[in-house]
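Heads up, the thing below is written out as structure tokens.
In structure tokens:
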């Protein structure tokens with residue numbers, strides 16, 4: 019069996035990855051009822067980043083983002099860009115770990131934070147050690163469990179939905195734009211981390227639309243969560 023990811027699996031990974039942060043990121047305190055508009059605007063920036071990454075991969079097949087940066091910018095500027103990119107990955111990893119800690123602390127309030135952090139880090143290291151193909155298989159299983167939970171939660175709350183809860187619309191556009199900029203930076207620009215995985219997608223040229231579909235579904239779920 020060929021080693022790597024399928025477009026479907028990368029799309030599922032993007033869905034799960036962004037959704038995990040979107041559950042915690044909801045700027046109602048800033049935007050109020052217009053939070054769903056801010057989420058849509060923020061997702062457009064993430065879509066632009068995703069499209070740029072896929073387009074670069076099509077232009078430079080088999081090259082990862084660090085190799086491409088040196089080809090485009092030259093060795094010196096490319097190295098500076100790569101160092102900045104690695105630093106951003108470290109920051110994102112720290113923030114994702116913090117998000118996981120916040121979520122798990124709610125579930126296990128009595129358990130100390132350090133053992134929880136160690137378990138999360140060791141689990142992540144083990145998955146990375148097993149390779150990219152097992153990650154794809156794990157995502158194939160996990161996404162359906164998450165979708166089932168989302169659908170169940172949505173159906174259970176459907177009777178509580180009232181259109182009046184999202185009106186009036188755009189009473190003040192400044193908070194909406196501010197929240198959209200914040201959301202574009204977090205969580206939607208987190209998508210830059212997948213730049214290292216795109217070269218391993220086996221069927222990118224044939225099924226890249228699947229990645230966009232998964233991103234669109236994640237945006238839709240994030241909008242629903244903001245109501």
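Residue numbers (our numbering): 19 to 245. Every residue gets a Cβ at the ideal spot worked out from N, C-alpha and C, and that includes glycine.
Residues sharing a beta bridge with residue 219, DSSP: Residue numbering aside, residue 219 sits at position 201 when the chain shown is read from its first letter. Per DSSP, 23.
Give me, in chain order, the residues of the same chain whose beta-carbon lies closer than 8 angstroms to that of residue 119; leave out the 5 immediate sequence neighbours on both sides. The residue given as residue 119 occupies position 101 in the chain shown. Excluding residues within five positions, the ones whose Cβ falls inside 8 angstroms are 131, 134, 135 and 138.
Which runs of the alpha helix (DSSP H), 4 residues or longer, sit entirely within the segment 124 to 201? 131 to 148 and 150 to 175
Check whether the segment 96 to 116 and the segment 230 to 241 touch, using three or more Cβ-Cβ pairs below 8 angstroms as the test. no
Using the Cα positions of residue 192 and residue 218, report the straight-line distance between them to the nearest angstrom. If you number the chain shown from 1, residue 192 lands on position 174. If you number the chain shown from 1, residue 218 lands on position 200. About 41 angstroms.
Pull up the distance between the alpha-carbon of residue 149 and that of residue 128, whole angstroms please. Indexing the chain shown from 1 puts residue 149 at position 131. Indexing the chain shown from 1 puts residue 128 at position 110. Cα-Cα distance, rounded: 34 angstroms.
Report the rounded CA-to-CA distance for residue 160 versus residue 27, giving the unit in angstroms. Locating residue 160 in the chain shown gives position 142, counting from the first residue. Locating residue 27 in the chain shown gives position 9, counting from the first residue. C-alpha separation (whole angstroms): 11 angstroms.
Quick one: measure Cβ to Cβ for residue 36 and residue 206, integer angstroms, because I've assumed they're closer than 8 angstroms. Against the chain shown, residue 36 aligns to sequence position 18. Against the chain shown, residue 206 aligns to sequence position 188. So it is a contact: roughly 7 angstroms between Cβ atoms.
Using a threshold of 8 angstroms, state whether the C-beta atoms of residue 22 and residue 151 are closer than that. Here residue 22 corresponds to residue number 4 of the chain shown, with the count starting at 1. Here residue 151 corresponds to residue number 133 of the chain shown, with the count starting at 1. Yes, these two residues count as a Cβ contact at 8 angstroms.
Starting from residue 64, trace the alpha helix (DSSP H) in both directions and tell me its first and last residue. Working through the chain shown from its first residue, we reach residue 64 at position 46. Looking at the DSSP string, the run of the alpha helix (DSSP H) that includes residue 64 is 53 to 77.
Less than 8 angstroms separating the beta-carbons of residue 239 and residue 169? Position 221 of the chain shown, counting from 1, holds the residue named residue 239. Position 151 of the chain shown, counting from 1, holds the residue named residue 169. No.
Pairwise C-alpha distance: residue 111 and residue 69: Translated into the one-based positions of the chain shown, residue 69 becomes position 51. Translated into the one-based positions of the chain shown, residue 111 becomes position 93. Approximately 23 angstroms, taken between the alpha carbons.
Helix, strand or coil for residue 234? Go by DSSP, reduced to three states. The sequence position of residue 234 within the chain shown is 216, counting from 1. Residue 234 falls in the helix class under three-state DSSP.
Applying the 10 Å Cβ sphere with the 16-neighbour rule, what's the burial state of residue 177? Taking the first residue of the chain shown as position 1, residue 177 is located at position 159. Exposed, because fewer than 16 other Cβ atoms sit within 10 Å of the Cβ of residue 177.
Residue 62 versus 122, 82 and 198, residue with shortest Cα-Cα distance: Counting from 1 along the chain shown, the entry for residue 62 is found at position 44. It is 198 whose Cα lies nearest to the Cα of residue 62.
Cβ-Cβ distance between residue 60 and residue 202 below 8 angstroms: Along the chain shown, read from residue 1 onward, the residue named residue 60 stands at position 42. Along the chain shown, read from residue 1 onward, the residue named residue 202 stands at position 184. Yes, Cβ-Cβ distance for residue 60 and residue 202 is below 8 angstroms.
What residues in its chain sit with their C-beta under 6 angstroms from that of residue 108, if we drop five residues either side in the sequence? Numbered from 1 along the chain shown, position 90 holds the residue referred to as residue 108. Same-chain partners within the cutoff: there are none.
According to DSSP, is residue 105 part of a helix, a strand, or is it coil? The count along the chain shown starts at 1 and reaches residue 105 at position 87. Correct three-state label for residue 105: helix.
Which residue comes first and which comes last in the alpha helix (DSSP H) that contains residue 86? The residue labelled residue 86 in the question sits at position 68 within the chain shown. Residues 83 to 91.
Which whole-angstrom value is the C-beta distance of residue 204 and residue 39, which I expect to be below 8 angstroms? On the chain shown, position 186 is the one that residue 204 refers to. On the chain shown, position 21 is the one that residue 39 refers to. Contact flag correct, Cβ pair sits at about 7 angstroms.
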